[in-house]
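Residue numbers (the UniProt record's numbering): 1 to 87.
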C-alpha cells in the first residue's frame, strides 16, 4: 500500500513509522506503551487500511485511522499528542 504525503510525494506505507510516531506521542504525555500494545495498534491500522481496498490513500487518512485506533484502545491523551505532533 502507498500513500500520498502532505508534500505530494507517494511513498510506501511503513508500519514501523506508525509504531515510532505512536511511541513518541506516548512519551510526550509520559505514557510508555509496551511492544504488545504498539503491535495491536499498528496491526489495527494496517487491517483498516487493507479493508479500504485502495492501492493509494492519503497521509491524512492514515493519520485519522491511527487516531481512531488510539481512541479505540483508550489512549485519548496519546491520540491528542499524536495529532499535535503530526501537524
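Where is the CB? At the ideal position from N, CA and C, for every residue including glycine.
To the nearest whole angstrom, what separates the beta carbons of residue i and residue j, a pair I think is in contact under 8 Å?
| i | j | result |
| --- | --- | --- |
| residue 66 | residue 22 | 7 Å |
| residue 17 | residue 55 | With a Cβ gap of about 19 Å, residue 17 and residue 55 do not count as contacting. |
| residue 84 | residue 78 | Not quite, the Cβ-Cβ distance comes to about 11 Å (not below 8 Å), so this is no contact. |
| residue 10 | residue 81 | With a Cβ gap of about 27 Å, residue 10 and residue 81 do not count as contacting. |
| residue 46 | residue 15 | 6 Å |
Who are the near neighbours of residue i in its chain, counting only those whose CB is closer than 7 Å to its CB and skipping five residues on each side?
| i | result |
| --- | --- |
| residue 4 | 10, 56, 58, 59 |
| residue 12 | 2 |
| residue 6 | 59 |
Sorted by chain position, which residues of the same chain lie with C-beta nearer than 6 Å to residue i's C-beta, five sequence neighbours on each side aside?
| i | result |
| --- | --- |
| residue 19 | 38, 42 |
| residue 33 | 26 |
| residue 52 | none |
In chain order, what residues of the same chain have a beta carbon less than 8 Å from the beta carbon of residue i, not counting five sequence neighbours either side?
| i | result |
| --- | --- |
| residue 40 | 73 |
| residue 50 | 1 |
| residue 31 | 75, 77, 78 |
| residue 24 | 85 |
Contained alpha helix (DSSP H) runs [length at least 4] in the UniProt domain "ATP-cone" (1-87), N- to C-terminal order
Every unbroken stretch of the alpha helix (DSSP H) spanning 4 or more residues and falling wholly within the UniProt domain "ATP-cone" (1-87) is given here in chain order: 15-28, 35-51, 59-72, 76-86.
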